[in-house]
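Residue numbers (our numbering): 5 to 263.
Below is the structure:
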């Protein structure tokens, strides 16, 4: 965060930039957005979701992300809408929450717990883990003992892939398994077909059939990039398009007009 603030200040005060793209992650955006607001430099981020950033009512900072306290909001609502008499499993009543020890994932995990409890589900186990963890056996053992109907995991793609793989190897099963990034490539490469039995609330996936996703994938592939158009890259494009449309709309690059 300190480095992000320093770089944003240098870009504006020394390099005389008129607009800023935000860095990756909420803590760095939180720091850089202060510079943007103080210097009245419009800044659009493709990777900032912490509610704390927006609680400050900044006038020159924007993000294409949903806020973390909105992540997974539709899952308990969706589960409540089902006719459980027609389902192959019984109606779930209990859940467990596991999350990585980071501001982003902690926000998600806490919001998920609150939402599920609001919908009448009972929390039977809560846990967290450091990002450099290699062995999830202790956590998995406790999840097995708690025997939740629903498991909610808030992490990042590499650790979520490792967690799910070790869960599979330990033969720990739940009726409904929700992970923050279960649609990501690393998850599918690690788990294969097993990934098809996991849920997540995603805002971008190259296989989605809505909002011009097919056009974006086609345009991306025509550039012969060396990797598929995954989520952070699509968000970065959206941030660029936000600036593009704002500048085109006012027909000017005056910062206040664009803002």
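Beta carbons are placed, not taken as given, at the ideal position from N, Cα and C, and that holds for glycine. Since the model is a prediction, treat every value here as computed from it, not as a measurement.
In the three-state scheme derived from DSSP, where H, G and I count as helix and E and B as strand, residue 7 is classed as helix. Under the three-state reduction of DSSP output, residue 257 falls in the coil class, being neither helix nor strand. The beta carbons of residue 64 and residue 52 sit no closer together than 7 Å. Per the DSSP secondary-structure output, residue 100 pairs in a beta bridge with 129, 155. Its Cα nearest to that of residue 21, the residue 44 stands out among 30, 44, 35.
Inter-segment contact for the segment 72-90 and the segment 107-119 is present: three or more beta-carbon pairs are separated by less than 8 Å. With distances taken between CA atoms, residue 183 lies nearest to 200 out of 127, 200, 239.
Nearest neighbour of residue 92 by Cα position, chosen from 251, 179, 198, turns out to be 179.
Leaving aside the five residues that flank residue 195 on each side, the residues in its chain whose CB is nearer than 6 Å to its CB run, in chain order, 168. The beta carbons of residue 109 and residue 159 sit closer together than 7 Å. Its chain contains 8, 33, 36 as the residues whose beta carbon lies nearer than 7 Å to that of residue 27, once the 5 sequence neighbours on both sides are disregarded; these appear in chain order. The shortest CA-to-CA distance from residue 84 to any of 163, 123, 62, 239 is the one to 123. Collapsing the DSSP output to three states places residue 200 in a helix. DSSP places residue 182 in the strand class (E or B) of the three-state scheme. For residue 64, the three-state secondary structure derived from DSSP is coil. Across the structure, residue 243 and residue 202 are spaced so that their CA atoms are roughly 29 Å apart.
Counting along the chain, residue 217 sits inside no beta strand (DSSP E); it lies in the alpha helix (DSSP H) bounded by residues 217-226. In terms of Cβ geometry, residue 165 and residue 100 do not form a close pair [threshold 7 Å]. When C-alpha distances from residue 46 are compared across 224, 214, 67, the shortest belongs to 67. Per DSSP, the unbroken beta strand (DSSP E) holding residue 49 starts and ends at 47-49. Excluding five sequence positions before and after residue 154, the CB atoms of its chain that fall closer than 6 Å to its own CB belong to 96, 99, 180, given in chain order. The C-beta distance from residue 162 to residue 120 rounds to 26 Å, too long to meet the 8 Å contact threshold.
Per DSSP, the beta-bridge partners of residue 24 are 47. One Cα belongs to residue 204, the other to residue 212, and the distance between them is close to 13 Å.
Counting along the chain, residue 142 sits inside the alpha helix (DSSP H) bounded by residues 141-150. A residue is called buried when at least 16 other Cβ atoms come within 10 angstroms of its Cβ; residue 103 meets this threshold and is buried. Nearest in C-alpha terms to residue 238, of all of 217, 227, 251, 255, is 217. Exclusion of the five residues before and after residue 185 leaves 161, 164 as the residues of its chain whose Cβ lies within less than 6 Å of its Cβ.
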